[in-house]
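Q: Residue numbering for the sequence shown is 921 to 1033, as defined by my numbering.
Glycine included, each C-beta is placed from N, C-alpha and C at the ideal position.
Keep in mind it's a predicted model, so treat the numbers as computed, not measured.
Dropping the structure in here first, questions after.
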Amino acid sequence: MNHYETVFILNPVLSDTQIKETVQKFEDYLVSKGAEMISKENWGLKKLAYPIQKKKSGFYHLFEFKIAGEEISAYELEFRRDDSVMRYLSVRLDKHAAAWAKIRTERVKSTKK
């Protein structure tokens, strides 16, 4: 099982319920394929560096998970099929990046308390 991180940007015109449903859909897809969810982060509405589909902002979300490498292409296909996703990026983490992700997750949890 490889360690991955995916950041995706959702369309800013979606309602809160549509955003939650979309995020839940991708999480359920990963779990159904045997992924181990490590962390999820909602970064909220952020301004984009450049316009995408004539939109200047988007809702950012991050998933950190472990899954077999052959499942990633099917996972990314789900992003391409969904019209509410403007951009996505999945990255395989090496041991140094995984250690940094763990530190970042702990830091985020401590600031929420």
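Would you kindly report the start and end of the unbroken beta strand (DSSP E) that includes E991?
A: Locating residue 991 in the sequence shown gives position 71, where the first residue counts as 1. Neither: E991 is in no beta strand (DSSP E) and is coded neither H nor E.
Q: Where in the region 928–966 do unbroken runs of the alpha helix (DSSP H), each at least 4 residues long, occur, reported from the N-terminal end onward?
A: Segments of the alpha helix (DSSP H) lying fully in the region 928–966: 936–952.
Q: For L930, is the classification buried or exposed, using 16 other Cβ atoms within 10 angstroms of its Cβ as the cut-off for buried?
A: Within the sequence shown, residue 930 is the residue found at index 10, counting from 1. Its Cβ being crowded by 16 or more others within 10 Å, L930 is buried.
Q: Check each candidate in F928, A1017, K986 and name the one with the smallest Cα separation from S977.
A: Within the sequence shown, the letter at position 57 stands for residue 977. Among F928, A1017, K986, the Cα nearest to that of S977 belongs to F928.
Q: Can you name the residues that DSSP bridges to T926?
A: What you label residue 926 is simply residue 6 of the sequence shown in a count that begins at 1. T926 is bridged to F983, S1010.
Q: Would you check if the region 960–971 and the region 1011–1019 touch, i.e. whether three or more CB-CB distances between them fall below 8 Å?
A: No, the region 1011–1019 does not touch the region 960–971.
Q: G954 and I987 look like a contact to me (Cβ under 8 Å); what is the Cβ gap, rounded to whole Å?
A: As a first step, residue 954 is located in the sequence shown; it is residue number 34 there, counting from the start. As a first step, residue 987 is located in the sequence shown; it is residue number 67 there, counting from the start. Indeed, because the Cβ distance is near 7 Å, the residues count as touching under 8 Å.
Q: By Cβ distance below 6 Å, which residues in the same chain neighbour F983 in space, the five residues on each side in sequence not counted?
A: In the sequence shown, residue 983 corresponds to position 63, counting from 1. Only T926, K960 meet the Cβ criterion.
Q: Return the chain-ordered list of same chain residues with a C-beta closer than 8 Å to the C-beta of L934, the five sequence neighbours on each side being excluded.
A: Counting from one through the sequence shown, the residue named residue 934 turns up at place 14. Closer than 8 Å at the Cβ level, and outside the excluded window around L934, lie T942, F979, S1004.
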